[in-house]
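Colleague: Just so you know, we're using this note's numbering here: the sequence shown kicks off at 3 and counts up by one.
All C-beta atoms in this analysis are idealised placements derived from N, C-alpha and C, irrespective of residue type, glycine included.
Dropping a structure here in C-alpha cells format, bear with me for questions.
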Amino acid sequence: MPKIIDARGRSCPEPVIMTKNAIDSSPNEPIQVLVDAHVAVENITRFAKGKGYKVNIEEKAGEYTLNIRK
Numbered sequence: 003m004p005k006i007i008d009a010r011g012r013s014c015p016e017p018v019i020m021t022k023n024a025i026d027s028s029p030n031e032p033i034q035v036l037v038d039a040h041v042a043v044e045n046i047t048r049f050a051k052g053k054g055y056k057v058n059i060e061e062k063a064g065e066y067t068l069n070i071r072k
C-alpha cells in the first residue's frame with residue numbers, strides 16, 4: 003500500500019518538499035502524490051526521476067496522481 007501525500011491546493015515548492023520528505027523517510031516504499039497543478043507534476047517528476055525513481059502520472063478532472071516507486 004503506497005504512502006499517500008495530498009498536496010492539492012499547495013503551491014510549489016511545497017509539493018516537492020512533501021515528496022522529498024516522504025522519500026527520505028521511506029525510500030523503498032511506493033508513494034502516491036495528489037496534486038492539482040501541472041507545474042507541480044513537472045517539478046515532482048523531475049525531482050523523483052533525478053533520485054532514481056519511476057513516475058507514473060494519471061490525470062482525471064484536472065487533478066493528477068503521481069505514482070512514485072523505485
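1) Cα-Cα, which of Ile25, Thr21, Arg10, Asp26 is closest to Ala39?
2) Given a cut-off of 9 Å, decide if Val43 and Ile25 are closer than it, judged by their beta-carbon atoms.
3) Identify the residues that DSSP records as bridge partners of Glu61: which are they?
4) Comparing C-alpha positions only, which one of Lys56, Gly52, Thr47 sits nearest to Pro17?
5) Quick check on the burial criterion: 16 or more other C-beta atoms within 10 angstroms. Buried or exposed for Met3?
6) Does Lys51 come out as helix, strand or coil in the three-state DSSP assignment?
Modeller: According to the data block:
1) Arg10
2) no
3) Tyr66
4) Thr47
5) exposed
6) helix
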